[in-house]
Amino acid sequence: MFDKASFLRGNLLPTKPACVIEGDSQYIIEQHFPEIYDDTWLVKIEGKASIRILTRIPVKKVRVSGVGVSFNCLIEDINILGRVALTIK
1 MFDKASFLRG NLLPTKPACV IEGDSQYIIE QHFPEIYDDT WLVKIEGKAS IRILTRIPVK
61 KVRVSGVGVS FNCLIEDINI LGRVALTIK
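Structure representation (structure tokens):
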């Protein structure tokens, strides 16, 4: 359970939350998402999970960026695990 005070006013609390720690940052992940849109996401690429920025591009593709080299791929080529709802550094 998360404290409402941790989230910005007007933002919905995650309905299916998870916590991920990567380096010096802690991420609260919303695992329930009806669609994928431009934002920061937890993704699994070739068996390894990491926090990445996804940008939708036509047709059913995304640009994956955030660590190392950016690349474009089909949405189906990566496993999207959840959207970052809150970052704690």
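In full-length UniProt numbering, the protein residues as written are 1 to 89.
Every residue, glycine too, gets a C-beta built ideally from N, C-alpha and C.
A quick note: this is a predicted structure, and the numbers were derived from the prediction, not measured.
- If you draw a straight line from the Cα of residue 39 to the Cα of residue 75, it comes to about 14 Å.
- Assignment of residue 46 by DSSP, reduced to helix, strand and coil, places it in the coil class.
- Around the beta carbon of residue 34, a 10 Å sphere encloses fewer than 16 other beta carbons of the protein chains shown; the residue is thus reported as exposed.
- According to the DSSP assignment, residue 15 belongs to no beta strand (DSSP E), since it is labelled neither H nor E.
- Residue 24 sits in coil when the DSSP states are folded into three classes, being neither helix nor strand.
- Scanning its chain for C-beta atoms nearer than 7 Å, with the 5 sequence neighbours on each side dropped, one finds around residue 16 the residues 30, 31, 32, in chain order.
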